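Below is one structure, written out as structure tokens; comments come after it.
Residue numbers (the numbering used here): 1151 to 1433.
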């Protein structure tokens, strides 16, 4: 019986594929600064042989929260392009969580992904395939976030895309360079889409934390001077995208704490279908 080898996984380079001396010869930066809001200015790192596609672009507002800002594409050779969309979000969400929801809505299948931790939430670098058979395209995605002066935040959604048959190692390297060198011209100092509120407790232990205004705070009604529990949750588009469970205790034995921790893990499994390893106990 004969067997066929599995198709090789599409390349997903994560290291510099060119000699540094060659990069200025091959690539340049297109500065996109037409928007009156300087927080929406950015630079696209692209091959010098590519060109910008002209067209009318809409301003991004809370009433018009997502639109194509610019597009560059190949002038000769295999067809490929880089599109930059701008989005507006009124509430806090990490770029990675936002992209995960968007890709699911678009029917994109994830081939490779990595997520870079940042103070304002993880930044995604994701390779996908989408479209119908015969017209499938491979795309590499990046999402960055920049605070909006009027409240909320802007998302910069970068999509480097090409028909699946054009996705060679050379094209993969071009996509990597475009994604890894995309830049905001005027990044803001505030890393979030929302202001934060604080939670402070002094019994049964001193603790303070902060969370976005749109998150829901629910305290356990059984809390007293020996036990305190609060859950902070965030839902978006029918998805629970964030949850923090904070418990403070005083006077309990280790066995009691183990039992309490087990009850909470079982509760998450039953209510939210979430499975966790046993948590370490910190005195």
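Where a beta carbon is used, it is the ideal one built from N, C-alpha and C, also for glycine.
Since the structure is predicted, the reported quantities are computational estimates derived from the model, not experimental observations.
**Rounded straight-line distance, which links the Cα of residue 1425 to that of residue 1253** = In the chain shown, residue 1253 corresponds to position 103, counting from 1. In the chain shown, residue 1425 corresponds to position 275, counting from 1. So the alpha carbons of these two residues sit roughly 24 Å apart.
**Prompt:** Mind checking whether residue 1289 and residue 1310 have CB atoms under 8 Å apart?
**Reply:** The count along the chain shown starts at 1 and reaches residue 1289 at position 139. The count along the chain shown starts at 1 and reaches residue 1310 at position 160. Against a cut-off of 8 Å, the Cβ pair of residue 1310 and residue 1289 comes out as a contact.
**Item:** Simplified DSSP state of residue 1246, which is helix, strand or coil
**Value:** Working through the chain shown from its first residue, we reach residue 1246 at position 96. Residue 1246: helix per DSSP, three-state reduction.
**Message:** Could you check whether residue 1291 and residue 1276 sit closer than 8 Å to each other, using their CB atoms as the reference points?
**Reply:** For the purposes of this step, residue 1276 is taken as residue 126 along the chain shown, with counting starting at 1. For the purposes of this step, residue 1291 is taken as residue 141 along the chain shown, with counting starting at 1. Against a cut-off of 8 Å, the Cβ pair of residue 1291 and residue 1276 comes out as a contact.
**Message:** Suppose you measure from the CA of residue 1429 to the CA of residue 1219; what does that come to, to the nearest Å?
**Reply:** Here residue 1429 refers to the residue found at position 279 when the chain shown is read from its first residue. Here residue 1219 refers to the residue found at position 69 when the chain shown is read from its first residue. Each residue's alpha carbon lies about 45 Å from the other.
**Prompt:** Do the CB positions of residue 1164 and residue 1264 come within less than 8 Å of each other?
**Reply:** The sequence position of residue 1164 within the chain shown is 14, counting from 1. The sequence position of residue 1264 within the chain shown is 114, counting from 1. For residue 1164 and residue 1264, yes; Cβs fall inside 8 Å.
**Asked** Which residue or residues does DSSP assign as beta-bridge partners of residue 1357?
**Response** Mapped onto the chain shown, residue 1357 falls at position 207. Residue 1357 pairs with 1351.
**Message:** For residue 1357, which residues in the same chain have their Cβ closer than 7 Å to its Cβ, ignoring the five residues on either side in sequence?
**Reply:** For the purposes of this step, residue 1357 is identified with residue 207 of the chain shown, where counting begins at 1. Same-chain partners within the cutoff: 1351 and 1398.
**Prompt:** Is the region 1299-1308 touching the region 1334-1344 in the sense that three or more CB pairs, one from each, lie closer than 8 Å?
**Reply:** yes
**In DSSP terms, what residue 1383 is bridged to** = Your numbering for residue 1383 matches position 233 in the chain shown. In the DSSP output, where bridge partners are listed per residue, residue 1383 has 1366 and 1393.
**Item:** Closest residue to residue 1250 among 1229, 1278 and 1238 (Cα-Cα distance)
**Value:** Numbered from its first residue, the chain shown carries residue 1250 at position 100. For the residues 1229, 1278 and 1238, the minimum Cα distance to residue 1250 belongs to 1278.
**Item:** Outcome for residue 1422 when other beta-carbon atoms lying within 10 angstroms are tallied against a minimum of 16
**Value:** Within the chain shown, the letter at position 272 stands for residue 1422. Label assigned to residue 1422: exposed.
**Request:** Report back the beta-carbon spacing between residue 1225 and residue 1233 to the nearest angstrom; my notes put them in contact at under 8 Å.
**Result:** To locate residue 1225, count along the chain shown from 1; it is residue 75. To locate residue 1233, count along the chain shown from 1; it is residue 83. Their Cβ separation, rounded to whole angstroms, is 16 Å, which puts residue 1225 and residue 1233 out of contact at 8 Å.
**Prompt:** Any idea what DSSP makes of residue 1198, helix, strand or coil?
**Reply:** Residue numbering aside, residue 1198 sits at position 48 when the chain shown is read from its first letter. Looking at residue 1198 - three-state DSSP - the assignment turns out to be coil, as it is neither helix nor strand.
**Item:** Selection from 1247, 1388, 1354 and 1336 that minimises the alpha carbon distance to residue 1190
**Value:** Position 40 of the chain shown holds residue 1190. Per the Cα distances, 1336.
**Message:** So, with DSSP's three-state summary, where would you put residue 1324?
**Reply:** As a working mapping, residue 1324 is identified with position 174 in the chain shown. Three-state result, residue 1324: helix.
**Message:** Whole angstroms are fine: how far does the CA of residue 1408 sit from the CA of residue 1153?
**Reply:** To locate residue 1153, count along the chain shown from 1; it is residue 3. To locate residue 1408, count along the chain shown from 1; it is residue 258. Because the pLDDT at residue 1153 is just 49, under 50, the model does not fix this residue reliably, and the value given afterwards should be weighed accordingly. Taking the straight line joining both Cα atoms gives about 51 Å.
**Asked** What span of residues does the alpha helix (DSSP H) with residue 1172 cover, start to end?
**Response** Along the chain shown, read from residue 1 onward, the residue named residue 1172 stands at position 22. Looking at the DSSP string, residue 1172 is not in any alpha helix (DSSP H), and its letter there is neither H nor E.
**Asked** Beta carbon of residue 1364, beta carbon of residue 1206: below 8 Å?
**Response** Residue 1364 sits at position 214 when you count from the first residue of the chain shown. Residue 1206 sits at position 56 when you count from the first residue of the chain shown. No, the pair does not count as a contact, with Cβ atoms beyond the cut-off.
**Request:** Going by DSSP, name the residue or residues bridged to residue 1289.
**Result:** Locating residue 1289 in the chain shown gives position 139, counting from the first residue. In DSSP, residue 1289 forms a bridge with 1278 and 1311.
**Request:** Spell out the partners DSSP gives residue 1259 in its beta bridges.
**Result:** By 1-based counting over the chain shown, the position of residue 1259 is 109. Answer is 1279, bridged to residue 1259.
**Request:** Can you grab the Cα-Cα spacing for the pair residue 1349 / residue 1359, in whole Å?
**Result:** For the purposes of this step, residue 1349 is identified with residue 199 of the chain shown, where counting begins at 1. For the purposes of this step, residue 1359 is identified with residue 209 of the chain shown, where counting begins at 1. Residue 1349 and residue 1359: Cα-Cα distance of roughly 5 Å.
**Message:** I need the straight-line Cα distance from residue 1175 to residue 1237, nearest angstrom please.
**Reply:** Taking the first residue of the chain shown as position 1, residue 1175 is located at position 25. Taking the first residue of the chain shown as position 1, residue 1237 is located at position 87. Residue 1175 and residue 1237: Cα-Cα distance of roughly 33 Å.
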